Structure formats: C-alpha cells, structure tokens
Amino acid sequence: MAVTLLIGGARSGKSRLAETLAAKLAIRDAGRVTFVATAQALDTEMADRIARHRQVRPASWITVEEPVAVSTWLRGHNATDSIVVVDCLTLLLSNWMFLNQSSDDQISREIDELIVALSVFQGQVIVVTNQVGEGIVPNDPITRQYRDWLGILNQRVAAVAHEVFLVVAGIPIDLRQFEAQWNR
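Shown next, in the form of structure tokens:
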C-alpha cells in the first residue's frame, strides 16, 4: 500500500502531476488506473471543465464519478494491482458539507472512514487536494468552517501518506524530505 498526497494552490499543477505519476506507475507495475472524480457538473462551466479533463486522460483509464462515498469505493475496489487517483479532497469536503448537509460529527466520521480506507488500501493511491489556509481569515463562518475542516482533512491524509508533495508552479516539493531533516 502506498498513498501519495499532492497538495497546493489552485491551478498549481497538482492534477497534471497526479496523472503523470499514475501513468508511470501503470507502465512500471502493469497496473490499471482508475480516476475517482469528486467534481460534479452543477453548471455549464464545470461540465466543460470536466469534459476537458476527461479528454486528456488515457482511454484505457477508468473514470468513476464519486462525489461523496470515496471511502466506500476504495473499500470495494481494494486490490494490489490498483492504481487510483482521487481528485480531489477539496471538492469531496465541499460535497460532504453542502450536498449532504453533514454535521460536524458526520464530517468527522467521514474523515475517519477515509483515513481507514486509505490505510488499508493494498494498491497505489494518489490523492489531490488544495491548500486553502494560507490566505486571510475568511469573513463568514461557513467559509472559516470549510477552511478549518479542509486543514484537518489534509493533515489526517498526510499522516497516512508515504509521500507528500507540495506542488507550486507545476514543481513538486518533497515535504517528507523536509520533515526528515527537521526531525534529525
């Protein structure tokens, strides 16, 4: 089992890097890639965006649209030859909060379930997420709540990830390497 977390700002190159890593793993391990998309086409612009993303992925990849039950999907597709890209936690949390109208307790349980599913997954999982907590403190309570939950979710996934890369301007920075130097 190996979990790789790619975190960075919007349009930083995280998704492109995830797709590149998955393609390399598929060649190296002769594995099958499944792209688990958490986005939903709730408007025309998002539908166009999703269509463009689908077009650039290899035809051999399987695309699964799973806006809320990623943990359940991972548990049901747990195989050693699996290579999975989950893109992205940012939208997954948004879906939990706003589509499901989840309470704080429910969100906490969803995060726990995701961590367990990632921890026991026998294949390779590449997880994409945004870093949103570096800006100003949001003006409204719901945005602060979202920012706080995403920070918690990202920390929990990073804790079980074997590799964690901050992606800036398309360049991955190995955070585990910095962590190892810090802990010397």
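Last residue of the sequence shown: 183 (numbering that gives the first Met the number 0), numbering continuous.
We put the beta carbon where it would ideally sit given N, CA and C, even for glycine.
Fair warning: this is a prediction, and the values are worked out from it, not measured in the lab.
Counting every other CB atom within 10 Å of its CB across the protein chains shown gives Val127 a total of 16 or more, marking it as buried.
When DSSP reads this structure, Gly7 sits in a beta bridge with Asn129, Val166.
CA-CA distance, Ser14 to Arg183, rounds to 32 angstroms. Asn99 and Val69 do not touch by the CB rule: their CB atoms are close to 13 angstroms apart, not below 8 angstroms.
Gln176 is classed as exposed because its beta carbon has fewer than 16 other beta carbons within 10 Å across all chains shown. Shortest Cα-Cα distance from Tyr145 to any of Leu41, Leu174, Ser102, Ala50 involves Ser102. With contacts defined by Cβ atoms closer than 8 angstroms, Ile125 and Val84 form a contacting pair. Within the segment 57-133, complete beta strand (DSSP E) segments of at least 3 residues are found at 61-64, 81-86, 123-129, given in chain order. Residue pairing for Ile172: DSSP places it in a beta bridge opposite Leu165. In the three-state scheme derived from DSSP, where H, G and I count as helix and E and B as strand, Arg183 is classed as coil. Under the 8 angstroms Cβ criterion, the segment 90-97 does not count as touching the segment 40-51, having fewer than three qualifying pairs. Residues Ala36 of the same chain have their beta carbon placed closer than 6 angstroms to that of Glu64, with the five preceding and five following residues left out of the count.
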